[in-house]
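Order-wise, the sequence lines are chains H and V. For reference, each letter of the first sequence is one residue, going 227 to 398 in the working numbering. For reference, each letter of the second sequence is one residue, going -3 to 275 in the working numbering.
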Amino acid sequence: MTWIVMSVVVMLSTVIQTMLPAYAFMGQARAPMLLAIVLYYSLKRDTTTMLTAALMAGFVHDALSEIPMGYSSLCFGAVGFAAGHFRELITKESLLPHSLIGAAAGFASTVVLYAILKGGGHVGCRLNWCILKAFWTGVLGLWSVPLVCALTAWLDGLVGNIAVRRNVTGIE
Amino acid sequence: MRRRRITIGLALAGIVILLNLPLPTALHVKANARGSVSSFQNVMSLVVYRVSEAIRLIRSVDEVTEEKREMAEEIISLRQEIGRLKLLARESRELMKQLDYRQVESHRMVMCQVIARGDISGWWQTLRLDRGSDDGIAPDMAVVTVDGLVGKTTTVSAGTSDVLLITDPNCRVSCRIVRTRAFGVARGSGVVADGSLPLEMICRPTLPRLDFVARDQEVLEGDHVITSGLGGVYPAGLTVGHVKDSAVDKSGLYQSAGILPSAMMDTVRYVFVIVSSEL
Chain H
227 MTWIVMSVVV MLSTVIQTML PAYAFMGQAR APMLLAIVLY YSLKRDTTTM LTAALMAGFV
287 HDALSEIPMG YSSLCFGAVG FAAGHFRELI TKESLLPHSL IGAAAGFAST VVLYAILKGG
347 GHVGCRLNWC ILKAFWTGVL GLWSVPLVCA LTAWLDGLVG NIAVRRNVTG IE
Chain V
-3 MRRRRITIGL ALAGIVILLN LPLPTALHVK ANARGSVSSF QNVMSLVVYR VSEAIRLIRS
57 VDEVTEEKRE MAEEIISLRQ EIGRLKLLAR ESRELMKQLD YRQVESHRMV MCQVIARGDI
117 SGWWQTLRLD RGSDDGIAPD MAVVTVDGLV GKTTTVSAGT SDVLLITDPN CRVSCRIVRT
177 RAFGVARGSG VVADGSLPLE MICRPTLPRL DFVARDQEVL EGDHVITSGL GGVYPAGLTV
237 GHVKDSAVDK SGLYQSAGIL PSAMMDTVRY VFVIVSSEL
């Protein structure tokens, strides 16, 4: 059932992330809906599930953009690993920790992805553009990550993953 | 524990495989993925357009009435203009025949609707169109509106194509200033956010730049910039924009000018892809 929930959430998040407008004054930043899925599995589930989510979300992210295949999966996986270290801090279902981790992860993933893309000569934009974009991705992560986490948790509950949903220690 | 390690290993192997995917396969995967979401984008684009049009209509009934009257006047004026141009074209054809001029073919274009703006990652300034390889569109074809150049096609699937805008820093166009025939290379410059600007100006979008214009060439504000036809992607003579400002580059080797693009890329709904032309 985890795979079905993951696939549905990836599909929904993809459509929403594609549809939401991006503005020049925000460095064309988009709400990190796909990254939010990775964060959810990183904070609530084991590393294997998180890596699978990173692979799936990254695949879709790269397939629908000009980013070479695999870059986003790598970036999402790294950010997911880092976010996993904070899972013990989340002791109850609350918006604030998700928001803060979402903001930090949005900022970090944008900077990491910029470094990889710039290193490979795929983007021509400057560092200040990247910082602007990273800042706004962080701001958008403040609301999008709790939203996606709540939606995924609700779907998990709906299909009977409630016991897993309440597991915050990684022991299933 | 062993099972967990195997699964992590498999996931990491998946990432490595994706990173080393051959380019044709990667492009094929991308095209298929885009094709599958294009129907959603088409529907959403239509819904957003209809809703915004309805809101606009409700808000400004008077404006619409006035607009309609102006458009009616414009249609009459344009019909007269078409009649006059038809006469001139006939006359021109006769003269060309007499002078044994080669018949210049006009560009063959495919009209497309914009179904999405910007790619999902936000790193590139792009448009997604509702037509693709089924309509003869291929990568590296020029995209224009009636006002001027918009960009070039990049990834093309059967039913969609992505357009890299001329405002993107990755897009470079060989251009010419009509008045002086001076050459230069236009490229987008994204957003300025350096310390020299006041805080409220931190997000000011900057104009695409026309670089590498020879120092001895005169560049004036308002100069008309068109494509030069060099480079093989953009046919010669497409309007790019007008010069807004110019200065000698920091290196002191060439002039650089800011161009105000003629095409309204943030509001454009229909564009034309030039599928065949004489460069």
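All residues carry an ideal CB built from backbone N, CA and C; glycine is no exception.
Quick one: list the residues of chain A neighbouring A289 (chain H), beta-carbon separation under 7 Å, in chain order. Included in the structure are the protein chains H and V, with no chain A among them.
List the residues of chain H that V33 (chain V) touches, going by C-beta distances under 8 Å, in chain order. For the purposes of this step, residue 33 (chain V) is taken as residue 37 along the second sequence, with counting starting at 1. Those are T240, V241, T244 and L290, listed as they occur along chain H.
What residues from chain H crowd round R0 (chain V), counting only those whose CB sits closer than 9 Å? For the purposes of this step, residue 0 (chain V) is taken as residue 4 along the second sequence, with counting starting at 1. Those within 9 Å of R0 (chain V) in chain H are D272, T273 and T274.
At 8 Å on the CB atoms, spell out the chain H contacts of Q37 (chain V), in chain order. Locating residue 37 (chain V) in the second sequence gives position 41, counting from the first residue. Chain H residues near Q37 (chain V): T244 and M245.
W380 (chain H) versus V231 (chain H) - alpha carbon distance: Mapped onto the first sequence, residue 380 (chain H) falls at position 154. Mapped onto the first sequence, residue 231 (chain H) falls at position 5. Using only the alpha carbons, I get a separation of about 10 Å.
Starting from Y297 (chain H), follow the alpha helix (DSSP H) in both directions and report where the run begins and ends. Translated into the one-based positions of the first sequence, residue 297 (chain H) becomes position 71. Where Y297 (chain H) is concerned, the enclosing alpha helix (DSSP H) stretches over Y297 to G310.
Just to confirm, is the Cβ distance from V209 (chain V) to Q251 (chain V) under 7 Å? If you number the second sequence from 1, residue 209 (chain V) lands on position 213. If you number the second sequence from 1, residue 251 (chain V) lands on position 255. The answer is yes: Cβ separation under 7 Å.
Could you tell me whether the region 260 to 272 of chain V touches the region 176 to 185 of chain V, using the rule of 3 or more Cβ pairs below 8 Å? Verdict: no, contact absent.
Have a look at V264 (chain H) and F285 (chain H) and give me their C-alpha separation to the nearest angstrom. Translated into the one-based positions of the first sequence, residue 264 (chain H) becomes position 38. Translated into the one-based positions of the first sequence, residue 285 (chain H) becomes position 59. Whole-angstrom Cα-Cα distance: 12 Å.
Please classify R75 (chain V): does DSSP put it in a helix, a strand, or coil? Translated into the one-based positions of the second sequence, residue 75 (chain V) becomes position 79. The DSSP-derived three-state label of R75 (chain V) is helix.
By DSSP, does R205 (chain V) sit in helix, in strand, or in coil? Numbered from 1 along the second sequence, position 209 holds the residue referred to as residue 205 (chain V). Of the three classes helix, strand and coil, the one that applies to R205 (chain V) here is strand, per DSSP.
Does chain H have any CB closer than 7 Å to the CB of A68 (chain V)? The count along the second sequence starts at 1 and reaches residue 68 (chain V) at position 72. Contacts with chain H at 7 Å (Cβ-Cβ) do not include A68 (chain V).
Extent of the continuous alpha helix (DSSP H) to which Y45 (chain V) belongs: To locate residue 45 (chain V), count along the second sequence from 1; it is residue 49. Its alpha helix (DSSP H) spans residues L19 to R55.
Determine the burial state of G191 (chain V): buried for a count of at least 16 other Cβ atoms within 10 Å of its Cβ, exposed for fewer. Within the second sequence, numbered from 1, the residue matching residue 191 (chain V) stands at position 195. Residue placement at G191 (chain V) cannot be trusted, given a pLDDT of 38 that sits under 50; what the coordinates show is reported in the next sentence. Exposed, since its Cβ has fewer than 16 Cβ neighbours within 10 Å.
Return the residue from the list V:A232, V:V271, V:R211 and V:L226 that minimises the CA-CA distance to S242 (chain V). Against the second sequence, residue 242 (chain V) aligns to sequence position 246. The option with the nearest alpha carbon to S242 (chain V) is V:R211.
When burial is assigned at 16 or more other CB atoms within 10 Å of the CB, is N16 (chain V) buried or exposed? Walking along the second sequence from the start, residue 16 (chain V) turns up at place 20. N16 (chain V) should be labelled exposed.
Taking the CB atoms as reference points, tell me whether T149 (chain V) and V140 (chain V) lie closer together than 7 Å. Against the second sequence, residue 149 (chain V) aligns to sequence position 153. Against the second sequence, residue 140 (chain V) aligns to sequence position 144. With contacts defined as CB atoms closer than 7 Å, T149 (chain V) and V140 (chain V) fail to qualify as a contacting pair.
With 16 other CB atoms within 10 Å as the buried threshold, where does G228 (chain V) fall? If you number the second sequence from 1, residue 228 (chain V) lands on position 232. Under this definition G228 (chain V) is an exposed residue.
Distance cutoff 7 Å, beta carbons only. Does M105 (chain V) sit that close to anything in chain H? On the second sequence, residue 105 (chain V) is found 109 positions in, with the first residue counted as 1. By this cut-off, M105 (chain V) is not an interface position.
Within chain V, partners of A248 (chain H) - CB distance below 8 Å: Indexing the first sequence from 1 puts residue 248 (chain H) at position 22. Per Cβ cutoff of 8 Å: R113, G114 and G118.
Interface partners of K359 (chain H) on chain V, CB under 7 Å: For this step, residue 359 (chain H) is matched to residue 133 along the first sequence. In chain order: G118.
Applying a beta-carbon distance threshold of less than 9 Å, which residues of chain H neighbour L282 (chain V)? Since the first residue of chain V shown is -3 and the last is 275, residue 282 (chain V) is not available in this structure.
Which listed residue (V:L234, V:L42, V:I51 and V:L6) has its alpha carbon closest to that of S258 (chain V): Counted from its first residue, the second sequence places residue 258 (chain V) at position 262. Taking S258 (chain V) as reference, the option from V:L234, V:L42, V:I51 and V:L6 with the minimal CA-CA separation is V:L234.
Does any CB atom of chain V fall closer than 7 Å to the CB of C351 (chain H)? Residue mapping note: residue 351 (chain H) aligns to position 125 of the first sequence, counting from 1. So yes, C351 (chain H) belongs to the interface.
If we ignore side chains and look at the alpha-carbon of each, how far apart do S129 (chain V) and T363 (chain H) end up? As a first step, residue 129 (chain V) must be located in the second sequence, where it is residue number 133. As a first step, residue 363 (chain H) must be located in the first sequence, where it is residue number 137. Per the coordinates, the alpha-carbon of S129 (chain V) lies some 34 Å from the alpha-carbon of T363 (chain H).
Round the Cβ separation of L206 (chain V) and G184 (chain V) to the nearest angstrom and send it over; I've been treating them as touching at under 8 Å. As a working note, residue 206 (chain V) is residue 210 in the second sequence. As a working note, residue 184 (chain V) is residue 188 in the second sequence. About 11 Å separates the two Cβ atoms, so there is no contact after all.
Assuming L203 (chain V) and I255 (chain V) are in contact, meaning their beta carbons sit under 8 Å apart, how far apart are those beta carbons, in whole angstroms? Here residue 203 (chain V) refers to the residue found at position 207 when the second sequence is read from its first residue. Here residue 255 (chain V) refers to the residue found at position 259 when the second sequence is read from its first residue. Contact flag correct, Cβ pair sits at about 6 Å.
Any 3 or more C-beta pairs closer than 8 Å across the region 234 to 254 of chain H and the region 103 to 122 of chain V: Touching, yes, given that three or more Cβ pairs across the two stretches are closer than 8 Å.
Among H:Y340, H:G350, H:A257 and H:G328, nearest to S268 (chain H) - alpha-carbon criterion: Residue 268 (chain H) sits at position 42 when you count from the first residue of the first sequence. Cα-wise, what sits closest to S268 (chain H) is H:G328.
So, with DSSP's three-state summary, where would you put Q243 (chain H)? Here residue 243 (chain H) corresponds to residue number 17 of the first sequence, with the count starting at 1. In this structure, Q243 (chain H) counts as helix in the three-state DSSP scheme.
Which residues in chain V have a C-beta closer than 8 Å to the C-beta of D255 (chain H)? List them in chain order. On the first sequence, residue 255 (chain H) is found 29 positions in, with the first residue counted as 1. Asp is not the amino acid found at residue 255 (chain H); the sequence shown has Ala there. Listed along the chain, the chain V residues whose CB falls inside 8 Å of the CB of A255 (chain H) are G118.
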